[in-house]
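Participant:
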Amino acid sequence: MSHPSAIRIFLKTIVARAYPRFVAAYRNRAWLITETLLPLLGTIAMIYVYRALHAPARFLGFVVLGGVLLAFWQNVIWAMATQFFWDRGAGNLELFAMAPTSLAAILLGMALGGAYVSLTRAATILLVASVLFGVSYSLSGLLPALGVFVLTISALYCLGMLLASLFLFYQREAWQLADAMQEPIYFLSGFYFPVRSLGAVVGGIGSLIPLTLGLDAIRQLILPGTPQFIPLSVEVLAVVAQIIAYAALSQISLRYLERRARQDARLILRST
Numbered sequence: 007m008s009h010p011s012a013i014r015i016f017l018k019t020i021v022a023r024a025y026p027r028f029v030a031a032y033r034n035r036a037w038l039i040t041e042t043l044l045p046l047l048g049t050i051a052m053i054y055v056y057r058a059l060h061a062p063a064r065f066l067g068f069v070v071l072g073g074v075l076l077a078f079w080q081n082v083i084w085a086m087a088t089q090f091f092w093d094r095g096a097g098n099l100e101l102f103a104m105a106p107t108s109l110a111a112i113l114l115g116m117a118l119g120g121a122y123v124s125l126t127r128a129a130t131i132l133l134v135a136s137v138l139f140g141v142s143y144s145l146s147g148l149l150p151a152l153g154v155f156v157l158t159i160s161a162l163y164c165l166g167m168l169l170a171s172l173f174l175f176y177q178r179e180a181w182q183l184a185d186a187m188q189e190p191i192y193f194l195s196g197f198y199f200p201v202r203s204l205g206a207v208v209g210g211i212g213s214l215i216p217l218t219l220g221l222d223a224i225r226q227l228i229l230p231g232t233p234q235f236i237p238l239s240v241e242v243l244a245v246v247a248q249i250i251a252y253a254a255l256s257q258i259s260l261r262y263l264e265r266r267a268r269q270d271a272r273l274i275l276r277s278t
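If you read the sequence shown in my numbering, its first letter stands for residue 7, the second for the next number, and so on.
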């Protein structure tokens with residue numbers, strides 16, 4: 007009897023876990039308001055702040071691009087980082103630990119399934135805010151910016167897999183930890199202002215987050231006049247290094263989690 011290859015199992019697991027979330031997005035259309043229109047209002051509010059201050063037009067682009075990547079950061083936090091914590095409470099983590107597949111594939115499937123909503127939200131913010139306020143971009147840097155965007159999202163998802171196991175170790179504090187990370191990340195990543203404004207020390211700390219360097223690189227490519235934090239080539243290389251580093255660390259962490267779950271049953275049992 008032939009057995010499927012490890013790669014085939016990995017890919018089929020991603021599809022199997024992504025499919026329910028993709029279908030659920032069509033069954034409950036309320037997300038069009040809660041996940042798209044409401045975040046758009048927040049982005050528009052920040053744009054009006056800059057317009058009231060008579061800031062240069064490129065600052066409006068800072069806000070729009072920050073709102074675009076913010077959608078994916080929240081998907082990573084709530085669809086990846088806290089996922090195993092909720093699955094343990096629902097009784098699914100036992101099944102994941104026993105299944106002959108990779109926990110990384112399960113996490114990627116869940117994240118990609120939720121990425122449809124994030125992509126819709128990001129596209130809505132980009133199109134509506136750009137047209138409404140006349141934000142223009144450099145077309146010559148569009149394709150390189152798209153490549154940097156893909157690298158940034160890849161590094162972000164690798165970080166999300168690492169956080170998934172770390173959040174599970176924190177058990178009941180996972181919700182508070184995920185919630186507490188929101189505002190500091192908004193600040194350190196420079197969602198609504200140039201990263202250079204943070205200075206070398208704070209900006210260097212924020213560079214540990216893929217969003218910081220990725221967002222700054224995208225701005226440099228399609229928003230002429232963006233204050234440079236570090237050279238563009240260095241930022242791209244740093245994001246690639248983060249993909250490798252966070253992917254390796256997440257695999258080590260997830261394998262340790264699997265070993266403890268199967269041998270000690272400590273992570274499977276709910277804390278009382």
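For glycine and all other residues, C-beta sits at the position ideal for the given N, C-alpha and C.
Whole angstroms is fine: what's the gap from Met52's alpha carbon to Asp93's?
Facilitator: As a position in the sequence shown, residue 52 is number 46, starting the count at 1. As a position in the sequence shown, residue 93 is number 87, starting the count at 1. In a straight line, the C-alpha of Met52 is about 36 Å away from that of Asp93.
Participant: Have a look at Val201 and Thr218 and give me their C-alpha separation to the nearest angstrom.
Facilitator: Residue mapping note: residue 201 aligns to position 195 of the sequence shown, counting from 1. Residue mapping note: residue 218 aligns to position 212 of the sequence shown, counting from 1. Their backbone Cα atoms lie some 7 Å apart in a straight line.
Participant: By DSSP, does Asn81 sit in helix, in strand, or in coil?
Facilitator: Indexing the sequence shown from 1 puts residue 81 at position 75. Of the three classes helix, strand and coil, the one that applies to Asn81 here is helix, per DSSP.
Participant: Below 8 Å CB to CB, which residues in the same chain sit around Leu221 once its five sequence neighbours on both sides are set aside?
Facilitator: Counting from 1 along the sequence shown, the entry for residue 221 is found at position 215. So the list reads Leu71, Gly72, Leu75, Thr158, Ser195, Gly196, Phe197 and Val201, once near-sequence residues are dropped.
Participant: Can you grab the Cα-Cα spacing for the pair Arg23 / Arg261, in whole Å?
Facilitator: Stepping through the sequence shown from its first residue, residue 23 is reached at position 17. Stepping through the sequence shown from its first residue, residue 261 is reached at position 255. For Arg23 and Arg261, the distance between alpha carbons rounds to 19 Å.
Participant: If you follow the alpha helix (DSSP H) that Ile13 is part of, which residue opens it and which one closes it?
Facilitator: For the purposes of this step, residue 13 is taken as residue 7 along the sequence shown, with counting starting at 1. Looking at the DSSP string, the run of the alpha helix (DSSP H) that includes Ile13 is Ala12 to Arg33.
Participant: What are the start and end residues of the alpha helix (DSSP H) that includes Phe199?
Facilitator: Here residue 199 corresponds to residue number 193 of the sequence shown, with the count starting at 1. No alpha helix (DSSP H) contains Phe199, which DSSP labels as neither H nor E.
Participant: Take the Cβ of Glu41 as the centre, count every other Cβ of all protein chains shown within 10 Å, and call the residue buried at 16 or more, exposed below.
Facilitator: By 1-based counting over the sequence shown, the position of residue 41 is 35. Classification of Glu41: buried, given that the 10 Å Cβ count is 16 or more.
Participant: Which one of Asn98, Val156, Val69 and Thr126 has the shortest CA to CA distance from Tyr32?
Facilitator: By one-based count along the sequence shown, residue 32 stands at place 26. Closest by alpha carbon: Thr126.
Participant: Please classify Leu204 as buried or exposed, where buried requires at least 16 other C-beta atoms within 10 Å of its C-beta.
Facilitator: Here residue 204 corresponds to residue number 198 of the sequence shown, with the count starting at 1. Looking at its Cβ environment, which holds 16 or more other Cβ atoms inside 10 Å, Leu204 is buried.
Participant: What are the complete alpha helix (DSSP H) segments, minimum 4 residues, inside the segment 104-177?
Facilitator: 109-139 and 148-176, all fully within the segment 104-177.
Participant: Check the Cβ-Cβ distances between Pro216 and every residue of chain C, and say whether any is below 9 Å.
Facilitator: Here chain C cannot be found, since the structure has a single protein chain.
Participant: On the CB-based measure, 16 or more other CB atoms within 10 Å of its CB, does Gly48 come out buried or exposed?
Facilitator: Within the sequence shown, the letter at position 42 stands for residue 48. Looking at its Cβ environment, which holds fewer than 16 other Cβ atoms inside 10 Å, Gly48 is exposed.
Participant: Round the Cβ separation of Ser171 and Leu101 to the nearest angstrom and send it over; I've been treating them as touching at under 8 Å.
Facilitator: Counted from its first residue, the sequence shown places residue 171 at position 165. Counted from its first residue, the sequence shown places residue 101 at position 95. The Cβ separation is near 17 Å, so there is no contact.
Participant: Would DSSP call Thr278 helix, strand or coil?
Facilitator: Stepping through the sequence shown from its first residue, residue 278 is reached at position 272. With a pLDDT of 46 at Thr278, under the threshold of 50, the modelled position of this residue cannot be trusted; read the value that follows with caution. Three-state DSSP puts Thr278 in coil, outside helix and strand.
Participant: Since Pro216 contacts Ala253 with CB under 8 Å, what's their CB separation in whole angstroms?
Facilitator: The residue you call residue 216 lines up with position 210 of the sequence shown. The residue you call residue 253 lines up with position 247 of the sequence shown. That belief does not hold up - the Cβ atoms of Pro216 and Ala253 are roughly 12 Å apart, past 8 Å.
Participant: Taking the C-alpha atoms as reference points, what is the distance between Arg266 and Ala103?
Facilitator: As a working mapping, residue 266 is identified with position 260 in the sequence shown. As a working mapping, residue 103 is identified with position 97 in the sequence shown. Taking the straight line joining both Cα atoms gives about 10 Å.
Participant: Using only CA atoms, which one of Arg225, Pro62 and Ile13 lies nearest to Leu152?
Facilitator: Taking the first residue of the sequence shown as 1, we reach residue 152 at position 146. Of Arg225, Pro62 and Ile13, the residue nearest in Cα terms is Arg225.
Participant: What separation, rounded to the nearest whole angstrom, lies between the Cα atoms of Val6 and His9?
Facilitator: Only positions 7 to 278 of the chain appear in this structure, which leaves residue 6 out of reach.
Participant: Helix, strand or coil for Met86, going by three-state DSSP, please let me know.
Facilitator: Mapped onto the sequence shown, residue 86 falls at position 80. Correct three-state label for Met86: helix.
Participant: At a cut-off of 8 Å, would you count Gly67 as near the ligand COA, judging by its Cβ distance to the nearest heavy atom?
Facilitator: Summarising the ligand content, the structure contains no ligands, and the ligand COA is consequently not present.
Participant: Starting from Ala36, trace the alpha helix (DSSP H) both ways and give me its first and last residue.
Facilitator: As a first step, residue 36 is located in the sequence shown; it is residue number 30 there, counting from the start. Neither: Ala36 is in no alpha helix (DSSP H) and is coded neither H nor E.
Participant: Have a look at Thr130 and Val82 and give me their C-alpha separation to the nearest angstrom.
Facilitator: On the sequence shown, residue 130 is found 124 positions in, with the first residue counted as 1. On the sequence shown, residue 82 is found 76 positions in, with the first residue counted as 1. Approximately 19 Å between the Cα atoms of the pair.
Participant: Between Ser256 and Met167, how many whole angstroms is the CB-CB distance? I'm expecting something under 8 Å.
Facilitator: Locating residue 256 in the sequence shown gives position 250, where the first residue counts as 1. Locating residue 167 in the sequence shown gives position 161, where the first residue counts as 1. So it is a contact: roughly 4 Å between Cβ atoms.
Participant: Can you tell me which of the three DSSP states Arg266 falls into?
Facilitator: Taking the sequence shown and counting its residues from 1, one reaches residue 266 at position 260. Three-state result, Arg266: helix.
Participant: For Gly67 and Phe173, I'd like the C-alpha separation in whole angstroms.
Facilitator: Against the sequence shown, residue 67 aligns to sequence position 61. Against the sequence shown, residue 173 aligns to sequence position 167. Their Cα atoms are separated by approximately 34 Å.
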